Amino acid sequence: MTDPATPAQRATAIRKAVRAIKRGTFASYGEIARRAGLPGRARLVGQVLRESGDEARLPWHRVTGAGGRIAFPAGSKNAREQLRRLAREGLNARGARVRQKPAASSARTLDALLWKM
């Protein structure tokens, strides 16, 4: 996928990628950027999530830092809310990291289909 041309197109691609994260799984900011056709733009994912607000109804809690790290400061209201929502979906966290497997990237899924892994 090529880099969407306008800021609005980039935001739309990011929101679409976030909405595609299945319940009970998570993906990193970097993975979302890659899925949106914006490799290397993980910070843009955070910016779009911040600017989207509640009315967008995005499953923002399924987006983590690298390795399942909760990106909010430990003990903050947002960190507690993210952990609560993830737990409600069956994901466990120890400290500030989610412990279950992240959502498979499309590349890994395609590999599994092609090679019957």
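If you read the sequence shown in the working numbering, its first letter stands for residue 119, the second for the next number, and so on. From the three backbone atoms N, C-alpha and C, an ideal C-beta is built for every residue, glycine too. These figures come from a predicted structure and were not determined experimentally.
If you compare the alpha carbons of Gly193, Ala138, Thr182 and Phe190 with that of Tyr147, the shortest gap goes to Thr182. Annotation for Ala160: Tyr147, Gly148 and Ala151 place their beta carbon closer than 6 Å to its own, counting only its chain and skipping 5 residues before and after.
The shortest CA-to-CA distance from Ile139 to any of His179, Gly208 and Ala192 is the one to His179. Cβ-Cβ separation between Leu209 and Gly164: approximately 20 Å, too far for a contact (criterion under 8 Å). Residue state for Arg212 is assigned as strand, using DSSP reduced to three classes. Cβ neighbours of Asp172 within its own chain (closer than 7 Å, five residues either side excluded): none.
Closest in C-alpha terms to Thr130, from the list Ala145, Ala154 and Phe144, comes Ala154. CA-to-CA, the gap between Ala123 and Leu201 works out to about 34 Å. Within the DSSP secondary-structure output, Thr182 pairs in a beta bridge with Ser146.
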